[in-house]
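J.:
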Amino acid sequence: MAVIKKLKAIKIKQNHLLGIQDLSFSEISDILKQAKTFIALNKGSAKKLDTLRGKTQINLFFEPSTRTQSSFELAGKRLGADVMSMNVVNSAIKKGETLIDTAMTLNAMHPDIIVIRHHDSGAPNLLSQKVNCAVINAGDGAREHPTQALLDALTIINRKGKVEGLKIAICGDILHSRVARSNIYLMNMLGAEINIIAPSTLMPHSIERLGVKKFNNMKKGLEGCDIVMMLRLQNERMQGSFLPSAREYYEYFGLTPDKLKFAKKDALIMHPGPMNRGVEIDTNLADDINRSLIKEQVELGVAVRMACLKIFCKKI
Amino acid sequence: MKEKYLINAKIIDPKNQINEVGGLIIDSNGLIKAVGKKVTNGNLPAAATKIDLKNKILIPGIVDMKVFVGEPGYEYKENFKTLSSAALSGGVTSVLSMPNTLPVIDNVSMVDFLKRRGRDKASINIFPTATLTKNIEGKQMTEFGLLKRKGIVAFTDGLKAVQNPRMMSRIMSFANQSDSLIIQHAEDNVLSEGGCINEGEISTRLGLKSIPALAEKIIVQRDLSMLEEFPCRYHISQISSLKTISVIKRAKEEGLKFSTGVSINNLSLNENDIGDFKTFLKLSPPLRTENDRLELVNAINKNLIDVIVSDHKPEDEESKRLPFAQAASGASGIETLLSLALELAHNGSVKLEKIISAITCNPSKILGIKKGSLDVGSDADLCVFDMNKFWSVEKNKLKSKSKNTPIEGRKLQGKVALTFVKGELVYKNN
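In order, the protein sequences belong to chains A and B.
Read in order, the letters of the first sequence are residues 1 to 316 in the numbering used here.
Read in order, the letters of the second sequence are residues 1001 to 1430 in the numbering used here.
1. Could you pull the DSSP bridge partners for B:Cys1383 from this structure?
2. Enumerate, from N- to C-terminal direction, the unbroken alpha helix (DSSP H) stretches of 4 or more residues contained entirely within the segment 1210-1295 of chain B.
3. Any Cβ of chain A within less than 8 Å of the Cβ of B:Lys1428?
4. Within the 8 Å Cβ cut-off, does B:Thr1204 reach chain A?
5. Rounded to whole angstroms, what is the Cα-Cα separation between B:Ala1331 and B:Val1416?
6. Check whether the segment 194-203 of chain A and the segment 275-293 of chain A are in contact - that is, three or more C-beta pairs closer than 8 Å.
7. Between A:Ile227 and A:Lys264, what straight-line distance do the alpha-carbon atoms span, to the nearest angstrom?
8. Contact criterion: CB-CB distance below 8 Å. Does A:Arg159 meet it with respect to chain B?
9. A:Arg117 and A:Glu144 look like a contact to me (Cβ under 8 Å); what is the Cβ gap, rounded to whole Å?
10. Kindly indicate if chain A contains any beta-carbon less than 8 Å away from that of B:Pro1285.
11. Starting from the C-beta of B:Ile1369, find all residues in its chain whose C-beta is less than 8 Å away, skip the five residues before and the five after it, and write them out in chain order.
12. Output yes if chain B places a C-beta closer than 8 Å to the C-beta of A:Gly141; else output no.
13. B:Ile1105 by DSSP, collapsed to three states: which one?
14. Please identify the residue among B:Asn1272, B:Ser1319, B:Ile1218 whose C-alpha is closest to the C-alpha of B:Ala1327.
15. Spatial neighbours of B:Asn1388 within its chain, please: C-beta separation below 8 Å, excluding the five flanking residues on both sides.
16. Using a Cβ cut-off of 9 Å, pull out every chain A residue sitting near B:Gly1200, in sequence order please.
17. Would you check if there are 3 or more beta carbon pairs closer than 8 Å linking the segment 172-189 of chain A to the segment 1006-1022 of chain B?
18. Taking 8 Å as the CB-CB limit, is A:Gly96 close to chain B?
19. At a CB distance below 9 Å, what residues from the segment 1298-1332 of chain B approach chain A? Give them in sequence order.
20. Can you tell me the Cα-Cα spacing of B:His1138 and A:Ser241, whole angstroms?
21. Rounded to whole angstroms, how far is the Cβ of A:Met230 from the Cβ of A:Ile269, which I believe are closer than 8 Å?
22. Quick one: give me the first and last residue of the alpha helix (DSSP H) that B:Leu1344 is part of.
23. Figure out for me which residue from A:Ile31, A:Asp82, A:Arg209 has the closest Cα to the Cα of A:Ile184.
24. What distance in whole Å lies between the Cβ atoms of B:Leu1281 and B:Ile1274, which are believed to be in contact at a cut-off of 8 Å?
25. Grouping DSSP H, G and I as helix and E and B as strand, with all else coil, what is A:Gln129?
26. If I measure Cβ to Cβ from B:Ile1202 and keep anything under 6 Å in the same chain, skipping five residues before and after, which residues do I get?
27. Between the Cα of A:Asp152 and the Cα atoms of A:Asp30, A:Glu299, A:Glu251, A:Phe312, which residue gives the shortest distance?
28. Counting contacts by CB-CB distance shorter than 8 Å, is A:Glu132 in contact with chain B?
29. Do B:Lys1038 and B:Ser1237 have their beta-carbon atoms positioned less than 8 Å apart in this structure?
30. Of all Cβ atoms in chain B, is any one closer than 8 Å to the Cβ of A:His16?
31. Any C-beta of chain B within less than 7 Å: which residues of the segment 44-78 of chain A qualify?
32. Is any beta-carbon of chain A found at less than 8 Å from that of B:Phe1280?
33. Between A:Gln317 and A:Thr66, what straight-line distance do the alpha-carbon atoms span, to the nearest angstrom?
34. Taking Cβ-Cβ distances below 8 Å as the criterion, which residues of the segment 222-250 of chain A are in contact with chain B?
35. Do A:Gln297 and A:Thr155 have their C-beta atoms closer together than 8 Å?
36. Establish whether the CB of A:Asn216 and some CB of chain B are separated by less than 8 Å.
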């Protein structure tokens, strides 16, 4: 508790967390600093604070999600907020009600914070124009997933001390990945060098304009990297329209001990989950406690989301 | 009707190569009786009342070759009456109405309905189109001959290209036999599936599915190849990309006969204007890069593009206040077509005469209608505008029923002062 009080003077210009692109360097450092204070708390036995006591947090998930939704739920509860999770995927809201109408309905219940995940890029931006509370983007279309990038940064800092000067490879289905985009913006801002590795059918147009180098050859892309971030490849993309087969993909873009040798000796592996073992990543590598940060990412995810909830809830 | 005398105007009529200070006489039947420098105050009866245009510019009433009306089926977006007042305030006196209504215009009885509604409710000239294929399905062609006899001036599927090349070649062949004009919305459905924005850095940043320029180029290239085999009256509705321009240039050099249009939006805006998911700038074809825009402007100067259209597509708020991917595409634009086009003249990128041609005599020549000129004996459809008047676009002041202007707040120079249809003064700007 004492540590937390030290950080009161956090200044955030935005009312909402819609994307990494909207944040400044100092805002990002503040969020990460705040998150660090929660890491220890989450490991202790008394995990509950009263920072957001009396505040209402609504989780509005238009796409199925396990880890992000539970992570936000836990984060809110640990800060003492009343958390309500609406699983829109199966609810009446899906039947013809527009996003704006849903927003108006929820707004009438006076929440302090809405966490939204939506299959359409820009949906959180639209929502934020219509409600009086803070909106946190938990992933929109193929645009941004800011809290995932923040937790990735925190995980890297936790192990390597800093992001600046590191060489990070992001590998997989970049075209459909919001995680990749948010990470590109964030790691760039924090001073990393970024290699993007993907088959050409899953490489977005003009990606190099985002300040990265692109590779179709995984071994070349991994050369000298400190961090290897693997992305999930969705099943429907494997069957012929983007890729010939899962087997072909694994051969050229799956992370195997063989390919990992091209990265630095102490290179660490990350994955936002859920993983397809044997498709994008070798199962032993995923579980290698010396190399894999995958469990740590989940752990620190709660801390980062607590920090975001605390900071953005305050603004309103 | 009394005779009307308009004097002291700067007259521009590209068809008759008139560009001089003079006047115009409208006879008692609403037809143009005389036009030119000889019509001066001194040459007219002293007692007659004259309209002194004080050196404003007088051009033929604008012919807009791409307009969505809303009737039947989408009256809540736009009807003939609201369209007319919007058009007139923009100096537009004739429009080519798209067939993408509910139901679509694909049979003779629909044309009768449309003509009746147009006659009773519209105060501008409505030239209706019918679809190329039944229900815009691209499978069965419509009755070109019978529809044409009923008064259809052109055939187009409007928002969709005919995808099947065999179908398209038969359409071309049949259209030639009935001397029908066919207009293609050039976009490959498979390449553009789910897309809503130009493919490039912006689509990558916004995480939106894209419509590659290739989707347009490939249909234009296909159609022009077929046109060699099946010559007919063929018009490309709108192009948006510099890749397509190179295809058009090559075909023109080879002597192929066809015409091409462009939307004023693609000449005045680019993909950066979409900013933070502004759905009013979601258009079809999409806005592309600044480089594409510059090349399109250039293509007008090089006579590779013949027509500028407003691509007026009124959409209500409900259709636009949605996440970008779900929002309807299209923008309201008939009222701002001329003023926005004048920007190109003011900044020196296109000569004024060229712009006037692209919105008057060129479209009417392609359509084969007696509009878009100041021919003596033709209907006195006129547009008078003040080249230098400053104004800014405010959506709530627009007359169209839908307010989805893509240029809200834009400061423009040049505004319509008077509009005449068949000799009647039907719009006057205060």
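A virtual CB, placed ideally from N, CA and C, is assigned to each residue, including glycine.
T.: Concretely, from the data shown:
1. DSSP links B:Cys1383 through a beta bridge to B:Ile1059, B:Thr1419.
2. 1213-1229, 1242-1253, 1264-1268
3. no
4. yes
5. Their Cα atoms are separated by approximately 20 Å.
6. They do not touch, by the three-pair rule.
7. Whole-angstrom Cα-Cα distance: 9 Å.
8. no
9. The Cβ separation is near 11 Å, so there is no contact.
10. no
11. Val1063, Ser1094, Phe1127, Val1153
12. Look at A:Gly141: its C-beta is under 8 Å from a C-beta on chain B.
13. Of the three classes helix, strand and coil, the one that applies to B:Ile1105 here is coil, per DSSP.
14. Among B:Asn1272, B:Ser1319, B:Ile1218, the Cα nearest to that of B:Ala1327 belongs to B:Ser1319.
15. Gln1413, Gly1414
16. Against chain A, the beta carbon of B:Gly1200 has neighbours under 9 Å at His205, Ser206, Arg209, listed in chain order.
17. no
18. A:Gly96 does not count as touching chain B.
19. Glu1318, Arg1321, Leu1322, Pro1323, Phe1324, Ala1325, Gln1326
20. The residue asked about is misnamed: residue 1138 of chain B is Gly in this sequence, not His. Their Cα atoms are separated by approximately 25 Å.
21. 7 Å
22. 1337-1346
23. A:Arg209
24. 5 Å
25. coil
26. Glu1271
27. A:Glu299
28. Per the sequence shown, the amino acid found at residue 132 of chain A is Asn instead of Glu. A:Asn132 does not count as touching chain B.
29. no
30. The beta carbon of A:His16 sits no closer than 8 Å to any beta carbon of chain B.
31. The residues in question: there are none.
32. By the rule that beta-carbons nearer than 8 Å mark a contact, B:Phe1280 does not touch chain A.
33. Summary: the structure shown does not reach residue 317 of chain A, with chain A confined to residues 1 through 316, and so no result is reported for it.
34. none
35. The criterion of a C-beta distance shorter than 8 Å is satisfied by A:Gln297 and A:Thr155.
36. no
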